[in-house]
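>
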Amino acid sequence: ADVLLSGSKSETQGLTVNEAMASRCLVLIRHDYNFDMIVKEGETGFFFRNSDTFATQLTKILTLSAKEREAIRDEAQKANADLYSVEKFGREVTDVYRRAIRKCW
1 ADVLLSGSKS
11 ETQGLTVNEA
21 MASRCLVLIR
31 HDYNFDMIVK
41 EGETGFFFRN
51 SDTFATQLTK
61 ILTLSAKERE
71 AIRDEAQKAN
81 ADLYSVEKFG
91 REVTDVYRRA
101 IRKCW
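Quick note on numbering: the sequence shown equals residues 1 to 105 in the UniProt record's numbering.
1. So, at 6 Å on beta carbons, what are the nonlocal neighbours of T44 in its own chain, with the 5 sequence-adjacent residues on each side left out?
2. Let's test the definition: count the other Cβ atoms within 10 Å of the Cβ of M37 and tell me whether it reaches 16, buried, or not, exposed.
3. To the nearest whole angstrom, what separates the beta carbons of H31 and F54, a pair I think is in contact under 8 Å?
4. Going by DSSP in three states, I38 sits in which element: helix, strand or coil?
5. Could you check if I61 is buried or exposed, using at least 16 other CB atoms within 10 Å of its CB as the buried criterion?
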């Protein structure tokens, strides 16, 4: 796929967006503050807020040069990997256990 389009009004985990970014697929999603941490407008993906901005944003994506699309894909994949890597997850889980051990013993 070239672009993930998501008009969902609520996302519990947003895994489809993360998976798309990890797979180097551009994302155009309805704005949800939960995605502000990973989707940076025009850098790692695109937001829309209503049908008018959807059309505008989709046109913007479809008219990007190959070089621009590639740069956004690179940045999105990197941002996603930085936030959700196996290594980071492992460190965070280990930190939770360490804090629990310190608190309880």
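Built from N, CA and C at the ideal position, the CB exists for glycine as well.
Fair warning: this is a prediction, and the values are worked out from it, not measured in the lab.
Here's the rundown:
1. E75, A76, A79
2. exposed
3. Contact flag wrong, Cβ pair sits at about 11 Å.
4. coil
5. buried
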